[in-house]
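Note that the sequence shown covers residues 129 to 461 in our numbering. Just so it is clear, CB atoms sit at the ideal spot from N, CA and C, and this is done for glycine as well. Owing to the predicted nature of the structure, the values given are computational and were not obtained by experimental measurement. A short write-up of the structure that comes next.
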Amino acid sequence: MSGATSKVVVSGARPTGQLHLGNLHGAIKNWLKLQDEHECLFFVADWHALTTDWADSRDIGKNTIEMVLDWLAIGLDPARCTIFQQSAVTAHAELFLLLGMLTPVPWLERNPTYKEQQQQNLEGRDLSTFGFLGYPVLQAADVLLYKASAVPVGIDQAPHIELAREIARRFNTTYGEIFPEPQTLHTESPKIAGTDGRKMSKSYGNAVYLTEDPAEIDRKLSRMMTDPARARRTDPGDPNLCPAFTSLHRIYCTPEELAWVTQGCKTAAIGCLECKKTMIKHVLAELGPIRERRAKLTADDARAVLEAGNRRAREIAEGTMREVRTAMGLGPT
Ligand code: SF4
129 MSGATSKVVV SGARPTGQLH LGNLHGAIKN WLKLQDEHEC LFFVADWHAL TTDWADSRDI
189 GKNTIEMVLD WLAIGLDPAR CTIFQQSAVT AHAELFLLLG MLTPVPWLER NPTYKEQQQQ
249 NLEGRDLSTF GFLGYPVLQA ADVLLYKASA VPVGIDQAPH IELAREIARR FNTTYGEIFP
309 EPQTLHTESP KIAGTDGRKM SKSYGNAVYL TEDPAEIDRK LSRMMTDPAR ARRTDPGDPN
369 LCPAFTSLHR IYCTPEELAW VTQGCKTAAI GCLECKKTMI KHVLAELGPI RERRAKLTAD
429 DARAVLEAGN RRAREIAEGT MREVRTAMGL GPT
């Protein structure tokens with residue numbers, strides 16, 4: 129969609145395969161709103177997956193299809209947004225290379241996520257690579273290629289957009305104004321706890337997948353961690369210390385239900401299972417139609433959407449690259 133006040137919005141996600149509740153509330157619901165308000169391009173960031181997992185790339189293709197099918201089932205509409213695959217638009221690599229020429233290494237070394245991820249590298253991955261250091265440059269290329277005016281990000285990603293702006297400024301002052309400086313579109317993206325109370329993540333094995341069997345979703349959420357103070361049914365608890373409440377109840381329950389839960393939890397008038405059933409009912413009601421739509425989609429549907437999206441993205445990207453090459457003196461003489 130485009131209009132007088134609409135922006136060009138670009139956002140991507142690594143191909144993680146089937147999506148879970150954390151992905152739904154963390155990014156995709158926001159994308160659903162954006163596709164009605166702006167000119168949106170959403171892409172599968174498959175090259176980004178290699179910046180941390182270069183040694184384990186076997187499932188990238190399969191996970192790309194799974195993720196796009198989930199996007200479609202949730203409601204991303206190829207008629208209202210462009211859905212494409214990063215590696216199918218090789219201009220991302222060309223612009224990454226050119227921007228890399230003008231990006232000082234200290235800008236990348238001071239990136240807080242670079243340092244944090246190296247320190248907290250729990251999975252023992254090799255993060256000493258050029259690709260990992262340089263991934264914010266690839267992110268800059270991802271958004272500048274489409275002259276994005278806005279990039280939806282959580283707070284932790286804000287430094288990357290600042291870096292993209294700095295790179296755009298340096299390019300524009302050196303070679304001429306080509307790139308608008310992308311603005312951050314801060315989004316409400318609640319962190320969803322997994323069944324063990326930590327952040328929901330495929331790698332923690334604590335995720336509830338959108339298209340799982342309803343009985344399995346019920347089983348997982350029924351066992352989800354709650355306030356540890358409620359060891360016995362008669363022990364009162366505090367909803368603010370309960371991962372189920374602070375993430376899922378708050379999103380899914382009505383104000384009346386939240387009041388009932390709060391009162392019942394603090395006085396031990398209700399048990400955790402009874403309490404969670406109220407929330408689970410809403411989760412299942414939301415996921416039912418998604419699961420139904422997903423069951424009707426095939427891998428070929430995802431491939432067709434990507435093919436059309438890749439074509440559209442390539443057209444825009446190639447237009448930008450012609451300007452870039454000319455501005456840098458790389459065009460035909
Ligand atoms: S009663 Fe509800 S809010 Fe309280 S600890 Fe149990 S699940 Fe959490």
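Residue i CB to nearest heavy atom of the ligand SF4 below 7 Å
{"i": "T362", "result": "no"}
{"i": "P89", "result": "Residue 89 is absent from the model: the chain starts at 129 and stops at 461."}
{"i": "I289", "result": "no"}
{"i": "I320", "result": "no"}
{"i": "D355", "result": "yes"}
{"i": "R378", "result": "no"}
{"i": "V389", "result": "yes"}
{"i": "F476", "result": "Here the chain comprises residues numbered 129 to 461, so residue 476 is not present and cannot be evaluated."}
{"i": "R358", "result": "yes"}
{"i": "I408", "result": "no"}
{"i": "K405", "result": "no"}
{"i": "H209", "result": "Here the sequence assigns Cys to residue 209, which means His is not the residue at that position. Answer for C209: no, Cβ out of range of the ligand SF4."}
{"i": "I398", "result": "yes"}
{"i": "C381", "result": "no"}
{"i": "C168", "result": "no"}
Distance, residue j Cα to residue i Cα
{"i": "P287", "j": "A269", "result": "15 Å"}
{"i": "E309", "j": "L227", "result": "14 Å"}
{"i": "A427", "j": "G145", "result": "13 Å"}
{"i": "Y337", "j": "A430", "result": "19 Å"}
{"i": "S130", "j": "H166", "result": "Only weak support is given to the placement of S130: the predicted model assigns it a pLDDT of 48, under 50, and the question is left unresolved by the model."}
{"i": "I398", "j": "V389", "result": "8 Å"}
{"i": "S317", "j": "F307", "result": "28 Å"}
{"i": "Y303", "j": "E451", "result": "10 Å"}
{"i": "A155", "j": "L401", "result": "29 Å"}
{"i": "E305", "j": "P264", "result": "21 Å"}
{"i": "G365", "j": "G333", "result": "26 Å"}
{"i": "T241", "j": "D181", "result": "16 Å"}
{"i": "A278", "j": "M328", "result": "27 Å"}
{"i": "N368", "j": "L147", "result": "27 Å"}
{"i": "E344", "j": "A359", "result": "24 Å"}
{"i": "L412", "j": "P342", "result": "7 Å"}
{"i": "Y380", "j": "E443", "result": "41 Å"}
Rounded Cβ spacing between residue i and residue j (contact assumed at less than 8 Å)
{"i": "E141", "j": "N438", "result": "Checking the displayed sequence, the identity of residue 141 turns out to be Ala instead of Glu. Incorrect: roughly 16 Å between the Cβ atoms, too far for contact."}
{"i": "V281", "j": "V138", "result": "The Cβ separation is near 11 Å, so there is no contact."}
{"i": "A357", "j": "D254", "result": "No, A357 and D254 are not in contact; Cβ-Cβ is about 42 Å, not under 8 Å."}
{"i": "L223", "j": "L273", "result": "5 Å"}
Proximity test, residue i beta-carbon vs the ligand PLP heavy atom, cut-off 7 Å
{"i": "C393", "result": "This structure simply doesn't include the ligand PLP; it includes the ligand SF4 instead."}
Q) Can you find at least 3 beta carbon pairs, one from the segment 433 to 447 and one from the segment 194 to 213, that sit closer than 8 Å? A) Contact holds: three or more Cβ-Cβ distances are below 8 Å.
Q: Would you be able to state if there are at least three C-beta pairs under 8 Å between the segment 232 to 243 and the segment 180 to 188?
A: In short, these stretches do not touch, since the Cβ pair count stays below three.
(Q) Tell me whether the segment 349 to 362 and the segment 415 to 425 touch, counting them as touching only if at least three CB pairs, one residue from each stretch, are closer than 8 Å. (A) no
Q) So does the segment 158 to 173 actually touch the segment 206 to 213, counting three or more Cβ pairs closer than 8 Å? A) yes
(Q) Pairs of beta-carbons, one from the segment 362 to 375 and one from the segment 321 to 328, closer than 8 Å: are there three or more? (A) Because the criterion of three Cβ pairs below 8 Å is met, the segment 362 to 375 and the segment 321 to 328 touch.
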